[in-house]
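Residue numbers (my numbering), protein chains in the order written: chain A, 1 to 378; chain B, 1001 to 1250.
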Ligand SMILES: Nc1ncnc2c1ncn2[C@@H]1O[C@H](COP(=O)(O)OP(=O)(O)OP(=O)(O)O)[C@@H](O)[C@H]1O
Ligand SMILES: [Mg+2]
C-alpha cells in the first residue's frame, strides 16, 4: 500500500528534480570545503549560507504551493509556521549556549537573566535535547495549523476571508512574540548561537552540512509532495480547488481533506524555519510579519502555482533578485516586488515553470492533456 | 407522518424555505416510490433547483419533513453524508473537474471509500478500471478519456457529469436540466440514457424541454412558486387549466 504510494510519486519529473537537488547538496559543499579559495569553482562560505537560506525559503514555497496550488487555499500566514519551526530550533540553540552566555547562567538564556527570571518557564523544558526540539519543530506548527484549520474549514471559511484570517493569525503571533513576558526573547528574539549537536554553528563544515541538509530536506519533501499530488487524494484536492461543492456532492468530506494538506504544509514550513535559523543565526518576531507570508505567495506565483517545481524556482530566483536589488536600490525592493507580481499575473499567469510546461506540451502534442496546474482565470 | 413515508424512497412533506422573506419553497410535498422516475417541470424560479438543494443538504429547510427511505431525516445530514447514503446529483450548470482528465473525473466519482487516508493510498483496481471503461463507453467519451474536461463541449460536459453520477452508483439520481445546451440529437440520446438508468435506479429529472419530457414518458410534477401545482401524465398536466395559465401567463 505504502510502497505503491511512494512509487506513484517517483515519476520521471520527481526523479530528475530529486537527482538535481542531491547533486547540489553534494557539489556545493564539496566546492566550498575541498577546493582552495583561489580555485575558480570555489564557493565561498557566505554564498553557501546565502544559498542555504534560499533553499529554506524554497521549502516554505513548496509548502505554500501544496495548499494554494493544489487545494486552492490561499494562505497569507505561512510565515507563521515557518517562524514557529524556527523558534523551536532557536530554543534548542539557546539552551546549547549554557555558561558561554554573557551572564554565564548554566540553564537560563541571557534574556531571562536580564529580565530577572529565576526559573526556566515550563515551555522551555526539554529544548536542551535535540530530538525534543526536532519534534517540536513539526508538532507546534502542526498543532496550531490543525486547530486553526479545524475551525476554519468546518465553518467553511473560504477564499478571501480565509486569507484574511491567516494574516490575522500571523499578525497575532507577531504581537505575542514581541512581548518580553511571553518568554521568547521579545523584540530581540533568540540569537548568539554557539553550537548545534556539538558543532560550532560558525564553522565552515557546519555551514556546509546545514546547507546540504536543507537541500536534502527539500528533496525529501518534494518527493512526498509529488507522491501526494499524484495520488487519488491529490486529485480530490484539485477537485476541491476547482469545484468544491462538486466534491462534496460526490461524498468527500472536504474539510478533512483541507485539514490534512493544511496541517502537513504547516509542518513542512516548520521544518523550513528550523533549517533557516541556524544558518542565519537569529530568529526574531519580524519573521511573523504579514509581508513575509505575502512574499512567499509571490515566489509561488512567479515560479508557477500548482507545479511543485515552480515554487522552488520562484523562491530562488526572486531571492537572488532581492539580494541583488537591495544591494543596488534598497528602498525600492518592495515596489520592485509588487511590480514583479503584477507583471507575472498579467503576462505569465502560470508562472515560469507553468509557462515552460505549457510550451513543451503544445509543441509535443497540440491536444495536450493533463497538467494539474490551475487555469489562470481564477 | 412517518407512517405515510413508509415504503417510499423520497418523502417531502410541508417543506418551506424562505430567502430573505421570499418564499422559494412553499408547503411543498412530493413522494417518490422506489424505482420510480419522475419529471419535474415548472417556470423559471419555480423552486426546482432549491428543492434539489434541500434534498442534498445544500440548503436547510425552515420547516417540513425530508425523509429518505421512509426514515432517514435528510435535514440533519450534510452533503457528504447524503451523497454517501446514495443520493447523487447533477447540477443545472454542468460542474465537472475542469483541470482533470475525463477519465480522472470518473475515477473520482467511482463508488469507493471516501476517507482521506483511503484515497491517499488508493491504487486503482482492475475492477475499477473496467468500470471506468464501461462508463466512458456509456457516455460516449471513450476517445476523449485523456482530454482535460475543460475542453469538452457543453453537451459532453453534461454527459460526463451523468457518467460521474452513475459512477457513484446512487440509489436516487437528481438530474437538473440534463438537456440544456444540447442539440436535438443529443437531447434524444440523453432521454434514452436516462430511461436506461431508470431501469435500475430511481431518478428525478428537472427539465424545461417538453419534447424531452415526453420522450421520458413518466409521471410529471409541475412546480410553481415553490409548491406543487399539478401531478400526472404529461398530457393530463398540460391540459390542466392552472398549468396552462402559469405557462401562458408568463
Ligand atoms: N441562495 C438563495 N438566496 C436567495 N434566493 C434564492 C437562493 N436560491 C434560490 N433563490 C431564489 O429562489 C427562487 C427559486 O429558485 P430556483 O433556482 O430553485 O428555481 P428553478 O425552478 O430551479 O428555476 P430555473 O428554471 O431558472 O432553474 C428564485 O427566485 C431564486 O432567485
Ligand atoms: Mg433551476
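Cβ coordinates follow ideal geometry from the N, Cα and C atoms, glycine included.
{"Item": "Endpoints, alpha helix (DSSP H) assigned at residue 1154 of chain B", "Value": "1154 to 1167"}
{"Item": "C-beta neighbour in chain B for residue 92 of chain A, strict 9 Å", "Value": "no"}
{"Item": "Delimiting residues of the beta strand (DSSP E) encompassing residue 1144 of chain B", "Value": "Residue 1144 of chain B -> no beta strand (DSSP E), and no H or E assigned at all."}
{"Item": "Cβ contact check for the segment 229 to 244 of chain A and the segment 40 to 55 of chain A: 3 or more pairs under 8 Å", "Value": "no"}
{"Item": "Start and end residues, alpha helix (DSSP H) containing residue 347 of chain A", "Value": "333 to 347"}
{"Item": "Segment limits, beta strand (DSSP E) that includes residue 1032 of chain B", "Value": "1022 to 1032"}
{"Item": "Helix, strand or coil at residue 1057 of chain B according to DSSP, with G and I counted as helix", "Value": "coil"}
{"Item": "DSSP state of residue 1239 of chain B mapped onto helix, strand, coil", "Value": "coil"}
{"Item": "Three-way DSSP call (helix, strand, coil) for residue 419 of chain A in this model", "Value": "Because chain A in this structure spans residues 1 to 378, residue 419 of chain A falls outside the shown range and cannot be described."}
{"Item": "Under 8 Å from the C-beta of residue 1122 of chain B: neighbouring residues of chain A", "Value": "231, 232, 233"}
{"Item": "Beta-carbon contacts of residue 99 of chain A that lie in its chain and below 6 Å, excluding the five residues immediately before and after", "Value": "106"}
{"Item": "Distance cut-off 8 Å: residue 157 of chain A Cβ against heavy atoms of ligand 1", "Value": "no"}
{"Item": "Cutoff 9 Å: residue 1058 of chain B Cβ touching any chain A Cβ", "Value": "yes"}
{"Item": "With 16 other Cβ atoms within 10 Å as the buried cut-off, status of residue 330 of chain A", "Value": "exposed"}
{"Item": "Residue span of the beta strand (DSSP E) that contains residue 1068 of chain B, given as start and end", "Value": "1063 to 1068"}
{"Item": "Heavy atom of ligand 2 within 8 Å of residue 1065 of chain B beta-carbon", "Value": "no"}
{"Item": "C-beta contact flag for residue 340 of chain A and residue 318 of chain A at 9 Å", "Value": "yes"}
{"Item": "Segment contact flag, the segment 114 to 124 of chain A with the segment 172 to 179 of chain A, C-beta cutoff 8 Å, min 3 pairs", "Value": "no"}
{"Item": "Cβ-based neighbour list, residue 363 of chain A, same chain, cut-off 8 Å, excluding 5 preceding and 5 following", "Value": "none"}
{"Item": "Interfacial residues, the segment 1230 to 1248 of chain B to chain A, with Cβ spacing under 9 Å", "Value": "none"}
{"Item": "Beta-carbon separation (whole angstroms), residue 137 of chain A vs residue 301 of chain A, contact threshold 8 Å", "Value": "Not really, about 27 Å apart at Cβ, beyond 8 Å."}
{"Item": "Residue 369 of chain A at chain B interface by Cβ criterion, 9 Å", "Value": "Reliability fails at residue 369 of chain A, whose pLDDT of 46 lies under 50, so the model's placement of it is uncertain and the value that follows must be treated cautiously. So, interface residue."}
{"Item": "Within chain B, partners of residue 246 of chain A - CB distance below 8 Å", "Value": "1091, 1095, 1096, 1097"}
{"Item": "Boundaries (first-last residue) of the alpha helix (DSSP H) holding residue 232 of chain A", "Value": "232 to 242"}
{"Item": "Under 7 Å (Cβ pairs) to chain B, residues found in the segment 3 to 23 of chain A", "Value": "4, 5"}
{"Item": "Alpha-carbon to alpha-carbon, residue 1190 of chain B and residue 149 of chain A", "Value": "42 Å"}
{"Item": "Candidates B/1020, B/1042, B/1004, B/1091: closest to residue 247 of chain A by CA position", "Value": "B/1091"}
{"Item": "Beta carbon proximity, residue 228 of chain A to chain B, threshold 9 Å", "Value": "yes"}
{"Item": "Contact check, residue 1217 of chain B vs residue 1017 of chain B, beta carbons under 9 Å", "Value": "no"}
{"Item": "For residue 173 of chain A, the three-state DSSP class (helix, strand or coil)", "Value": "helix"}
{"Item": "Proximal residues of chain B, C-beta to C-beta of residue 260 of chain A below 7 Å", "Value": "1116"}
{"Item": "Interface residues of chain A facing residue 1119 of chain B [CB-CB closer than 9 Å]", "Value": "231, 232, 233, 234, 235, 236, 252, 257"}
{"Item": "Test: residue 376 of chain A CB closer than 9 Å to a CB of chain B", "Value": "Because the pLDDT of residue 376 of chain A is 47, which lies under 50, any placement of that residue in the model is unreliable, and the number read from its coordinates should be weighed accordingly. With 9 Å as the cut-off, residue 376 of chain A does not count as an interface residue toward chain B."}
{"Item": "Any chain A beta carbon closer than 9 Å to residue 1017 of chain B", "Value": "no"}
{"Item": "Residue-chain proximity (residue 249 of chain A, chain B), Cβ-Cβ < 9 Å", "Value": "yes"}
{"Item": "Three-way DSSP call (helix, strand, coil) for residue 993 of chain B in this model", "Value": "The shown model of chain B, from 1001 to 1250, leaves out residue 993 of chain B, and the question about it has no answer."}
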